[in-house]
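**Q**
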Amino acid sequence: MQCIVVNERRLLPPFLEALLPPTLVAALARAVPDGLFPEEIRLRCERVASVTVGGKNILLPLVMSKTDMQAQLAKFCNGSLYAHAETLANGYLVLPNGVRVGVVGHATVVGGRLTGIAAISTFSIRVPHAAPPLVGEEPCRVFDELGGTRGVLLFAPPGVGKTTVLRGVAVHLAGGAAPRRVAMVDTRCELAAFIGGRELLIDVLSGYPRGHGIAIATRSLSAEVIVCDEIGDLGEAQEIVAAHTGGVPLIATAHARSVRELLSRPAMRLLHEARVFGAYVGLSRAEGQFCYTYDVVDWEGADAFF
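Residue numbering for the sequence shown is 19 to 324, as defined by the working numbering.
Below, the structure written as structure tokens:
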């Protein structure tokens, strides 16, 4: 099956296009402006579908019934709900090529623990794309200015493109004239999508819990740089601090709108006090271009963040 193409660019991976309703694929071809790509597609039960493009939400002329939603779930799971029971209970499905589908509906709770989801109300399909050539250069420049001795934390609200930028960072660090050994902790099996190039010195730990993966990358892989997405849990922060004593810098992402908001959280405060990061880089996007703001920590002077 051929992909829908806009200006000779594929809108969706072929396998995903084959899984989605043909009416949705046709609607995307009409709705997505030339030169842009869908970032997130939302299918809703008895409500209108939508696509996010360039940070903007566009309505699509498609309303899924309860029967449609159940049939779509079966397609996503390749007919085996049991094989995906654990991730479904955590609210998502992992598909090939780094595609992640958020799944919500009526929760089934046993003994205070969520055990399953029935009556699906929404699918949130995140569509990954390769990082454009220059994306990731600026965070790498900041990292180099730190001497490669401390990490860099990229932060932004959801949906800005942190994962895309982090892919670009990994490619820049692992390639070029002086490549570094990069360990990529890909907890949700989406960060490594579209990381091509046989010459890249990237080792992928797919599906590992973040803290555990970082510890393995430090002890067993002799990584020179570790990259991972969406840190923020206090337990994993404690594991990151323990791994930090191994001397391997971490480049990671987190959800926040400002440094103060970021460091108001116990997990991030713990990482800050352990001096895991030497710079905090805020990410935003305007007219399709990534913009950066920098807060480099002066550990010898006064702490300006509190």
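Even for Gly, the Cβ is constructed at its ideal location relative to N, Cα and C.
Treat the numbers as computed from the prediction; the structure is a model and nothing was measured.
#1: Return the Cβ separation of residue 254 and residue 229 in integer angstroms, given the expectation that the two are a contact with Cβ distance under 8 angstroms.
#2: I'd like to know if the segment 76-88 and the segment 168-176 are in contact, where contact means that at least 3 CB-CB pairs between them fall below 8 angstroms.
#3: For the segment 196-204 against the segment 228-242, are there 3 or more C-beta pairs whose distance is under 8 angstroms?
#4: With distances taken between CB atoms, is the gap from residue 138 to residue 91 smaller than 9 angstroms?
#5: Out of 178, 211, 275 and 191, state which residue places its alpha-carbon closest to the alpha-carbon of residue 161.
#6: When DSSP labels each residue in this structure, what does residue 96 get in the three-state scheme?
#7: Determine the closest residue to residue 333 out of 38, 153, 309 and 75, with distance taken between C-alpha atoms.
#8: Between residue 106 and residue 121, is the Cβ-Cβ spacing less than 9 angstroms?
#9: How long is the line joining the alpha carbons of residue 73 and residue 308, rounded to whole angstroms?
#10: Who does residue 222 pair with in a DSSP beta bridge?
#11: If you draw a straight line from the C-alpha of residue 252 to the C-alpha of residue 126, how long is it?
#12: I need the straight-line Cα distance from residue 216 to residue 210, nearest angstrom please.
#13: List the residues that DSSP assigns as beta-bridge partners of residue 74.
#14: Within this structure, are the beta carbons of residue 152 and residue 186 separated by less than 9 angstroms?
#15: Please say whether residue 271 and residue 183 have beta carbons closer to each other than 9 angstroms?
#16: In this structure, how does DSSP classify residue 196 when only helix, strand and coil are distinguished?
#17: Anyone know if the C-beta pair for residue 297 and residue 315 falls short of 9 angstroms?
#18: DSSP on residue 33, reduced to helix/strand/coil?
#19: Considering just the uninterrupted stretch of the beta strand (DSSP E) at residue 303, what are its terminal residues?
#20: What does the Cβ neighbour count give for residue 290, buried or exposed, with the cut at 16 atoms within 10 Å?
**A** Reading from the atomic positions:
#1: By 1-based counting over the sequence shown, the position of residue 254 is 236. By 1-based counting over the sequence shown, the position of residue 229 is 211. 4 angstroms between Cβ atoms; contact.
#2: They do not touch, by the three-pair rule.
#3: yes
#4: Numbered from its first residue, the sequence shown carries residue 138 at position 120. Numbered from its first residue, the sequence shown carries residue 91 at position 73. A Cβ-Cβ contact shorter than 9 angstroms links residue 138 with residue 91.
#5: Start at 1 with the first residue of the sequence shown, and residue 161 comes out as number 143. Nearest option by C-alpha distance: 191.
#6: Here residue 96 is taken as the residue at index 78 of the sequence shown, counted from 1. It is coil, neither helix nor strand.
#7: Since the first and last residues shown for the chain are 19 and 324, residue 333 lies out of range.
#8: Here residue 106 is taken as the residue at index 88 of the sequence shown, counted from 1. Here residue 121 is taken as the residue at index 103 of the sequence shown, counted from 1. The answer is yes: Cβ separation under 9 angstroms.
#9: As a first step, residue 73 is located in the sequence shown; it is residue number 55 there, counting from the start. As a first step, residue 308 is located in the sequence shown; it is residue number 290 there, counting from the start. Near 12 angstroms, if we compare the C-alpha coordinates of residue 308 and residue 73.
#10: As a position in the sequence shown, residue 222 is number 204, starting the count at 1. Bridge partners of residue 222: 202.
#11: Position 234 of the sequence shown, counted from the start, is the residue given in the question as residue 252. Position 108 of the sequence shown, counted from the start, is the residue given in the question as residue 126. Whole-angstrom Cα-Cα distance: 26 angstroms.
#12: For the purposes of this step, residue 216 is identified with residue 198 of the sequence shown, where counting begins at 1. For the purposes of this step, residue 210 is identified with residue 192 of the sequence shown, where counting begins at 1. Near 13 angstroms, if we compare the C-alpha coordinates of residue 210 and residue 216.
#13: By 1-based counting over the sequence shown, the position of residue 74 is 56. Residue 74 pairs with 71.
#14: Translated into positions along the sequence shown, residue 152 becomes position 134. Translated into positions along the sequence shown, residue 186 becomes position 168. Yes; because the gap between Cβ atoms is below 9 angstroms, this pair is in contact.
#15: For the purposes of this step, residue 183 is identified with residue 165 of the sequence shown, where counting begins at 1. For the purposes of this step, residue 271 is identified with residue 253 of the sequence shown, where counting begins at 1. The Cβ atoms of residue 183 and residue 271 sit closer than 9 angstroms to each other.
#16: Locating residue 196 in the sequence shown gives position 178, counting from the first residue. Residue state, collapsed to three classes: coil.
#17: Counted from its first residue, the sequence shown places residue 297 at position 279. Counted from its first residue, the sequence shown places residue 315 at position 297. For residue 297 and residue 315, yes; Cβs fall inside 9 angstroms.
#18: The sequence position of residue 33 within the sequence shown is 15, counting from 1. DSSP places residue 33 within a helical segment (H, G or I) once states are collapsed to three.
#19: Locating residue 303 in the sequence shown gives position 285, counting from the first residue. Here the beta strand (DSSP E) through residue 303 covers 295-304.
#20: On the sequence shown, residue 290 is found 272 positions in, with the first residue counted as 1. Its Cβ being crowded by 16 or more others within 10 Å, residue 290 is buried.
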